[in-house]
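This note's numbering puts the first residue of the sequence shown at 10, with every later residue one more than the last.
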Amino acid sequence: MNLPSYITLEKIDTFIEAALHEDVGDGDHSSLACIPKDAIQTAELLVKDNGVLAGIELAKYIFSKTIPNAELIAYKKDGDWVEKGEIALEIKGNAQKILTTERLVLNCMQRMSGIATYAHEMMQLIAHTTTKILDTRKTTPNFRMLEKWAVKIGGAENHRFGLYDMVMLKDNHIDFCGSIMQAVHQTKKYLQENQLDLKIEVETRNLEEVQEALEAKVDCIMLDNFSLPDLRKAVQLIDNRVTTEASGSITKESVRAIAETGVDFISSGAIIHSARNFDLSLKAKTVF
């Protein structure tokens with residue numbers, strides 16, 4: 010699998026184990042009760058929506074872990090545009106295990122494909138600019154790595170993965186500390202003392218705070234809930250000295266105009282938390 014840097018096979022294995030434990034408990038009694046333990050059957054993953062498919066590589070890996078001798082044919086790949094009625098993959102193997110694994114695969118792929126589709130749609134709206142869409146930490150607990158993977162499959166970019174891989178001084182940090190200058194000063198001292206090489210981003214709420222962030226010499230300035238005129242002024246004031254990121258209630262309706270102000274990035278929690286689940290189903294293949 011071509012995995013993002015924040016995902017390892019060990020992390021995926023841990024996720025699969027926890028997810029199956031949650032769902033299966035002491036046994037999939039529905040399948041155990043009525044399906045012979047040595048029965049071999051074939052099932053197809055049916056596409057019932059139009060959009061960007063995501064999670065095929067994950068599905069293949071999950072099936073390989075739960076049904077080691079299964080025969081799997083993938084007709085589509087991650088990032089493909091698919092339409093209702095198409096078949097994404099076919100699996101032949103132990104019928105009991107196919108049924109036990111079915112919901113985990115579908116839950117992952119439906120969520121990931123919905124996010125990938127939303128991210129793709131957002132990027133299409135700003136394709137005439139150089140701005141990129143970023144995700145946020147507004148994710149589902151213990152499902153973040155897959156949601157952020159889906160964002161990448163959809164063509165958008167990942168922001169920091171968690172609290173540990175970048176410093177982001179938001180409004181509460183600044184208000185608790187006293188000022189942007191003081192917060193940045195203390196952060197740089199902390200990073201030096203702990204031998205950490207992390208970029209520093211600062212959230213700003215007005216043009217005065219933008220100027221203060223510039224004077225504090227940070228790596229990125231977030232422009233939070235700025236009006237379009239103030240966004241343009243901020244971009245001009247910053248003048249490519251640091252990276253710029255617009256944020257705050259970003260929607261499909263507003264993203265184009267925001268990108269046209271010249272910001273480098275637009276962060277959107279909506280591409281994950283507001284994405285609609287994609288419609289997929291796994292059905293027994295009938296042979297005549």
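Virtual Cβ for every residue (Gly too), placed ideally from N, Cα, C.
- Taking a C-beta distance under 8 Å as the contact criterion, P13 and K161 qualify as a contact pair.
- Taken in chain order, the whole alpha helix (DSSP H) runs of length 4 or more contained in the region 123-200 are 153-162, 180-186.
- Remark: C-beta atoms of T253 and I281 do not approach each other more closely than 8 Å.
- Cβ neighbours of G88 within its own chain (closer than 6 Å, five residues either side excluded): I162.
- DSSP places E210 inside the beta strand (DSSP E), whose first and last residues are 209-213.
- For L246, the CB contacts under 8 Å within the same chain, skipping 5 residues up- and downstream, are L216, V219, Q220, L223 in chain order.
- DSSP places E92 in the coil class of the three-state scheme, outside both helix and strand.
- Around the Cβ of N234, a 10 Å sphere holds fewer than 16 other Cβ atoms; the residue is exposed.
- Counting only the Cα atoms, D239 lies some 44 Å from K85.
- L81 is a Cβ neighbour of I100, given a cutoff of 8 Å.
- Taking a cut-off of 8 Å for Cβ pairs, the region 20-32 and the region 176-191 do not touch, as fewer than three such pairs fall below it.
- L41 and Q105 have their alpha carbons spaced roughly 7 Å apart.
- Straight-line spacing of the CA atoms in Y15 and C117 works out to 17 Å.
- DSSP links M10 through a beta bridge to no other residue.
- In the three-state DSSP reduction, D288 falls in the coil class, being neither helix nor strand.
- Going by C-alpha positions, L62 is about 11 Å away from I96.
- Assignment of T110 by DSSP, reduced to helix, strand and coil, places it in the helix class.
- Note on geometry: alpha-carbon atoms of V193 and S276 lie some 22 Å from one another.
- Each residue's CA atom was taken as its position, placing E66 and H168 some 22 Å apart.
- Per DSSP, L55 is not a residue of any alpha helix (DSSP H); the beta strand (DSSP E) it occupies stretches across 49-56.
- In the three-state scheme derived from DSSP, where H, G and I count as helix and E and B as strand, E254 is classed as strand.
- Each residue's CA atom was taken as its position, placing T51 and F185 some 59 Å apart.
- Residue state for A83 is assigned as strand, using DSSP reduced to three classes.
- Residue burial annotation: I49 is exposed, with fewer than 16 other C-beta atoms found within 10 angstroms of its C-beta.
- When beta bridges are read from the DSSP output, I247 appears opposite no residue.
- Linking K57 to T109 through their CA atoms gives a straight-line distance of about 21 Å.
- With a contact defined as Cβ atoms closer than 8 Å, F274 and L143 qualify at about 5 Å.
- Just measuring C-alpha positions, the residue of S188, T260, G64 sitting nearest N11 is G64.
- At a Cβ-Cβ threshold of 8 Å, T138 and A268 count as neighbours.
- Counting along the chain, S263 sits inside no beta strand (DSSP E), nor does DSSP assign it H or E at all.
- If you draw a straight line from the Cα of Y199 to the Cα of Q133, it comes to about 40 Å.
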